[in-house]
Amino acid sequence: MESLFYRYRNITVLLVAICAQLVLVAWQIKGDNDVPLLRVWAITAITPAASLIENARNSTTGFFGSYFALRDARDQARRFRSEADKLQIENQLLKNALAEAQRTEALLGFQSRTPSRMLGARVIGTTTGAGAKSLLIDKGSQSGVRKGMAVVTPAGIIGKILAVYPFASQVLTVSDPGFAAGVESQINHARGIMHGLGNGQARVDYVPGSQKVDPGELFYTSGEDRVFPKGLPAAKLVSSKESPTYLEIFVQPLGNESAPEEVLVIVDPVHQEIPEATAPDSSVYLGPDPPQPAVTEGDPNAGAVNPAGGRGGQTTQADKMFEQYKKIGDAQNFKYGEGGPGSAPPNFNIKVPPPSATGTTGSTGSTGSTGASGIIRPVPKPATSATGTVAPASPVAPRLAPAAASPAVPQP
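Quick note, the sequence shown lines up with residues 17 to 428 if you use my numbering.
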């Protein structure tokens with residue numbers, strides 16, 4: 017390299033001098049904006065590198081800023097999730113406490129309405145076998161519980177005490193095949209014995225085929241088993257099938273519809289009456305009265321009331337028949353509703369003239385008499401003698417004209 021510079025030292029010195037001269041010239045030369053050309057060259061050469069460095073710095077700063085922000089957001093989300101879990105647990109605890117308070121209130125209300133003396137207990141376990149089911153409660157012989165006592169809830173009967181221990185008792189539920197209780201239907205008072213089927217349902221046996229049960233009818237304890245007092249809700253009818261001897265009745269025990277957590281043990285049973293079935297709502301909606309036509313002044317039918325209650329001369333075919341029957345009764349002096357059993361009805365075959373045909377004839381002055389049949393007959397004028405005196409008219413015996421053949425009108 018030294019030999020190369022040494023060999024071309026004159027040319028190298030010349031090039032350096034020329035470059036220095038150009039730099040000095042560029043330093044002195046100014047562009048249109050009064051900016052030296054050398055500065056323009058320098059800024060143009062440095063700008064791409066400066067932009068690249070600034071972009072790299074911004075990217076690095078943004079990356080680390082986003083990382084720390086996401087880390088804080090993740091920590092915050094973790095805290096929120098933990099607080100939400102705590103709130104859900106507290107909400108569930110409050111719901112359980114509210115449900116327990118409601119069940120306790122229902123038990124106290126049921127205990128106050130029932131004359132039997134009861135002992136409250138809590139279900140602490142269940143035992144389930146092949147087709148069998150029993151409960152374990154936290155009351156035993158130390159609390160006065162004895163074998164064979166009834167266990168109930170406000171919804172219905174649960175079972176009876178199967179085994180007693182000092183501080184616990186085993187309850188045979190109504191769904192167990194070994195359970196039996198005397199029941200009676202609420203409406204038709206059909207009596208039978210309810211047996212568990214092991215599948216959550218029960219069957220009522222020994223109901224005679226002549227008895228009747230309605231769909232959805234409730235069954236209450238009859239008290240004949242000497243375990244459950246009379247009048248406690250037991251089951252609801254699911255289906256029934258007629259049979260020559262006994263009905264095939266399947267029911268759903270009311271106490272099994274929800275898993276009980278608190279129960280009542282009947283210590284001193286007292287019988288009570290089976291409540292009456294509530295009548296279904298038979299209310300019928302009646303719309304408003306129809307609008308009446310406007311009555312103008314001078315209308316002859318204004319204010320007229322027809323037998324059906326209408327005004328303004330509005331009549332129907334039934335109103336016309338009513339008026340016809342009334343005229344027939346008035347013509348024969350017959351009062352509807354006053355005749356006793358066996359009295360003769362009026363003759364509905366007679367003809368009744370319209371209202372304009374009765375009374376006097378205004379033009380001629382002659383009067384007409386109406387017979388019992390309702391047909392008008394003229395009365396003869398008195399004869400006039402030659403002297404101008406008027407001879408009295410001879411009395412005419414009233415005669416009934418024969419009734420015209422017409423179809424018989426049915427009696428009202």
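For glycine and all other residues, C-beta sits at the position ideal for the given N, C-alpha and C.
Kindly indicate which residue of the options has the alpha-carbon position closest to the one of residue i.
| i | options | result |
| --- | --- | --- |
| G175 | K336, R55, A275 | A275 |
| G212 | Q202, T261, N272 | N272 |
| K343 | I366, G353, Q333 | I366 |
| D230 | K336, Q202, F126, P361 | Q202 |
| D196 | R129, I177, Y22 | Just to set this straight, residue 196 is Ala in the shown sequence, not Asp. The option with the nearest alpha carbon to A196 is I177. |
| V39 | I27, V56, R25, L68 | V56 |
| E200 | S67, L234, A65 | L234 |
| A184 | K163, T169, N204 | K163 |
| N204 | M210, Q227, Q127 | Q227 |
| P260 | P224, A61, Q37 | P224 |
| S256 | G125, N74, A206, T130 | A206 |
| G141 | D154, Q92, R129, M134 | D154 |
| F338 | R242, F364, E354 | F364 |
| I290 | I69, T130, A360, L68 | T130 |
Just to confirm, are residue i and residue j a CB contact at a threshold of 7 Å?
| i | j | result |
| --- | --- | --- |
| S238 | G194 | no |
| S132 | V286 | yes |
| E277 | V139 | yes |
| S159 | P182 | no |
| L151 | V187 | yes |
| V283 | L123 | no |
Report, in whole angstroms, the separation of the C-beta atoms of residue i and residue j, which I expect to be a contact under 8 Å.
| i | j | result |
| --- | --- | --- |
| V279 | A137 | 5 Å |
| V190 | P269 | 4 Å |
| D221 | G208 | 6 Å |
| V267 | A293 | At roughly 16 Å, the Cβ-Cβ gap does not stay under 8 Å, so V267 and A293 are not in contact. |
| V368 | Q340 | 7 Å |
Please work out which residues of its chain come closer than 7 Å, Cβ to Cβ, to residue i, disregarding the five sequence neighbours upstream and downstream, and give them in chain order.
| i | result |
| --- | --- |
| P362 | I344, G345, Q348, F350 |
| S379 | No answer about S379 holds up, because its pLDDT of 39 lies below 50 and its placement is not dependable. |
| Y262 | D221, Y222, V223, P224, G225 |
| L110 | none |
Might you give, ordered along the chain, the residues of its own chain that have their beta carbon closer than 8 Å to the beta carbon of residue i, omitting 5 neighbours on each side?
| i | result |
| --- | --- |
| L103 | none |
| Q217 | S191, V254, F266, V267, Q268, P269 |
| I173 | A166, V167, V190, A197, T237, F244, L248, P249, A250, P269, L270, G271 |
Might you give, ordered along the chain, the residues of its own chain that have their beta carbon closer than 6 Å to the beta carbon of residue i, omitting 5 neighbours on each side?
| i | result |
| --- | --- |
| A117 | none |
| G404 | Its pLDDT being 44, under 50, G404 is placed unreliably in this model, and the coordinates cannot settle the point. |
| G319 | Here G319 scores only 49 on pLDDT, less than 50, and its place in the model should not be relied on; the value that follows carries that caveat. Result list for G319: empty, nothing under 6 Å. |
| T169 | G271, P276, V279 |
| E264 | K257 |
Would you say residue i faces chain D, with C-beta separation under 7 Å as the test?
| i | result |
| --- | --- |
| E354 | The displayed structure is made up of one protein chain only, and chain D is not part of it. |
Meets three-Cβ-pair contact criterion under 8 Å: the stretch 233–252 and the stretch 146–161: no
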